[in-house]
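Note sheet for the following structure.
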Amino acid sequence: IKEDQWQSPITKFFTEEEIEAMGKVLEAEPGDLILFGADDTATVNQVLAELRLELARRLKLVDNDSFNFLWITDFPLVEYDAERKRFTAVHHPFTAPFEEHLDLLETDPAKVKSRAYDLVLNGNEIGGGSIRIHNPAIQERVLKTLGIDKDEADDKFGFLLQALKFGAPPHGGIAFGVDRLLMLLTGSDSIRDVIAFPKTQKATCPLTEAPASVARKQLTELHLRPDWKEE
């Protein structure tokens, strides 16, 4: 913003009233920089979030001596995949939706929130989990929302649906990334610094020299078919 005008080609897409309204909402003043992103919501959020973090690093606005924890909740249960023209699970198809949103599963799935949660430290995810679906009827409805009919559900997840019918209790959990947490606590630049047996960029192990060659007998025991030809 230069003096009382916005210096950008993007202004031709806005009316004077819209520019004035945005200026008030953003409390913009001369000398401020306003960045816009145009795409679908998920893409814009991701790009602007990465930009915000990069600017914070370059301008040295990050306090590396403080540890700020944050719980992320109220994730959407599903998101629409424009290429596949269907809804897909944001986390996985076994995450429980909020009970008050069940009526929206068939009518407006995008508004259904899930009982998933992530734990974030200084902008880095260090743990994640969810409350799982324990009701077989709700599980079948969620799978149907994802475009999985009863026959396909029985074929892929029949064992789970059958198990739920025996009366599974409400359950959930969380998985922590201990190595990532240690990286942040020690101020390391790479997660390999805190892993006991880190791999190289070529996915090899300096200690054990893995991966090693596999004998045909071992593959036979595992019922795996090798694709090489014996000379």
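Residues 7 to 237 (my numbering) make up the sequence shown, in order. The beta carbon of each residue, even a glycine, is placed where N, CA and C say it ideally should be.
For the 8 Å Cβ check, are there 3 or more pairs between the stretch 112 to 131 and the stretch 65 to 82?
yes
Check whether the stretch 83 to 101 touches the stretch 35 to 45, counting contact only when three or more Cβ pairs, one atom from each stretch, lie closer than 8 Å.
no
Residue(s) in a DSSP beta bridge with N130:
For the purposes of this step, residue 130 is identified with residue 124 of the sequence shown, where counting begins at 1. Per DSSP, L127.
Meets three-Cβ-pair contact criterion under 8 Å: the stretch 198 to 218 and the stretch 144 to 159:
no
On the premise that P142 lies in contact with L167, defined as a C-beta separation below 8 Å, what is that separation, rounded to the nearest angstrom?
For this step, residue 167 is matched to residue 161 along the sequence shown. For this step, residue 142 is matched to residue 136 along the sequence shown. Between P142 and L167 the Cβ distance is about 5 Å, and since that is below 8 Å, they are a contact.
Could you check the C-alpha separation between L76 and P175 for me, to the nearest Å?
Mapped onto the sequence shown, residue 76 falls at position 70. Mapped onto the sequence shown, residue 175 falls at position 169. Cα to Cα, L76 sits roughly 28 Å from P175.
Rounded to whole angstroms, what's the CA-CA distance from E35 to N70? Just pull it up for me.
Against the sequence shown, residue 35 aligns to sequence position 29. Against the sequence shown, residue 70 aligns to sequence position 64. C-alpha separation (whole angstroms): 30 Å.
What does the alpha-carbon distance come out to for the pair R231 and T101?
As a working mapping, residue 231 is identified with position 225 in the sequence shown. As a working mapping, residue 101 is identified with position 95 in the sequence shown. Approximately 36 Å, taken between the alpha carbons.
If you drop the 5 nearest sequence neighbours on each side, which residues of the same chain put their C-beta closer than 7 Å to that of G129?
Your numbering for residue 129 matches position 123 in the sequence shown. Same-chain partners within the cutoff: L59.
Give the secondary structure of L76 by DSSP, where H, G and I count as helix, E and B as strand, and everything else as coil.
Start at 1 with the first residue of the sequence shown, and residue 76 comes out as number 70. It is a strand residue.
Quick one: what's got a C-beta closer than 6 Å to L188's C-beta in the same chain, skipping five residues either side?
Taking the sequence shown and counting its residues from 1, the one referred to as residue 188 is at position 182. Same-chain partners within the cutoff: V200.
Residue from K30, L125 and V96 with nearest C-alpha to V148:
For this step, residue 148 is matched to residue 142 along the sequence shown. Here the closest residue by C-alpha is V96.
Who are the near neighbours of L170 in its chain, counting only those whose CB is closer than 8 Å to its CB and skipping five residues on each side?
For the purposes of this step, residue 170 is taken as residue 164 along the sequence shown, with counting starting at 1. Answer for L170: I139, H140, N141, P142 and Q145, listed in chain order.
Minimum C-alpha distance to H98 - residue among D185, A218 and I137
One-based indexing of the sequence shown puts residue 98 at position 92. Considering only alpha carbons, the answer is I137.
Classify F93: buried if its beta carbon has 16 or more other beta carbons within 10 angstroms, exposed otherwise.
Residue numbering aside, residue 93 sits at position 87 when the sequence shown is read from its first letter. Result: buried.
Determine which residues share a DSSP beta bridge with S136 and list them.
Taking the sequence shown and counting its residues from 1, the one referred to as residue 136 is at position 130. Bridge partners of S136: A122 and G179.
Contacts around S194, its chain only, beta-carbon distance under 7 Å, and the 5 residues preceding and following it disregarded
Along the sequence shown, one-based indexing puts residue 194 at 188. Same-chain partners within the cutoff: V200.
What's the call for T192, buried or exposed, on a 16-neighbour Cβ count within 10 Å?
In the sequence shown, the residue the question calls residue 192 occupies position 186. Answer is exposed; the Cβ neighbour count stays below 16.
Assigned exposure category for I132 - 16 Cβ within 10 Å defines buried:
Counting from one through the sequence shown, the residue named residue 132 turns up at place 126. Buried is the call here.
Note down, one range per segment and in chain order, each beta strand (DSSP E) of at least 3 residues found wholly within the stretch 80 to 117.
84 to 87 and 92 to 95
Measuring only the C-alpha atoms, how far is A221 from K208?
Residue mapping note: residue 221 aligns to position 215 of the sequence shown, counting from 1. Residue mapping note: residue 208 aligns to position 202 of the sequence shown, counting from 1. Between A221 and K208, the C-alpha separation is close to 22 Å.
Contacting residues, own chain, Cβ-Cβ under 6 Å from D124 (five flanking each side not counted):
Start at 1 with the first residue of the sequence shown, and residue 124 comes out as number 118. Closer than 6 Å at the Cβ level, and outside the excluded window around D124, lie I78, E131 and G134.
Neighbourhood of L152 by C-beta, 8 Å cutoff - its chain only, sequence neighbours within 5 removed
Against the sequence shown, residue 152 aligns to sequence position 146. If we look at L152 and ignore the five residues flanking it on each side, its Cβ neighbours are V84, R92, F93, T94, A95 and P99.
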